[in-house]
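Asker:
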Amino acid sequence: MSLYEQTRKEFVDLLKMKGKIAKYSTALNREIMQTDVEWMNLSDLAKRARKTDEDSPQKNEITEKKESITGPTDLDLNPVKNRPNGFEEFDSESE
């Protein structure tokens with residue numbers, strides 16, 4: 001086979017590979033675009049769900065309950081905090 005025929009054959013093979021690559025590239029780009037659209041739709045749904053959750057009466061009720069639980073209490077949880085040594089004095093003779 002002459003150099004011309006060999007070069008011509010390799011060129012034809014390269015053109016075939018280029019066609020296959022273009023076909024796969026087009027299919028891949030189509031898949032990427034579909035995936036992007038799906039992600040945008042999911043993102044939009046998530047934003048709507050978050051907004052709905054923020055505006056829901058349940059959310060307000062939960063927030064109120066949380067504030068009532070974490071808010072100030074009437075209980076004195078450290079009754080000996082005014083003692084200088086931090087401990088309640090115990091007199092064994094008086095009891």
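For the sequence shown, counting from 1, position 87 maps to 87 in full-length UniProt numbering; every step adds exactly one.
The beta-carbon is built from N, C-alpha and C at its ideal position, and this holds for glycine as well.
In three-state terms, what does DSSP make of Met33?
Answerer: In the sequence shown, residue 33 corresponds to position 33, counting from 1. Met33: helix per DSSP, three-state reduction.
Asker: What three-state label does DSSP hand Ser43 in the structure shown?
Answerer: Numbered from its first residue, the sequence shown carries residue 43 at position 43. Three-state result, Ser43: helix.
Asker: Measure the alpha-carbon distance for Leu45 versus Asn29 and round it to whole angstroms.
Answerer: One-based indexing of the sequence shown puts residue 45 at position 45. One-based indexing of the sequence shown puts residue 29 at position 29. Answer to the nearest angstrom: the Cα atoms are 24 Å apart.
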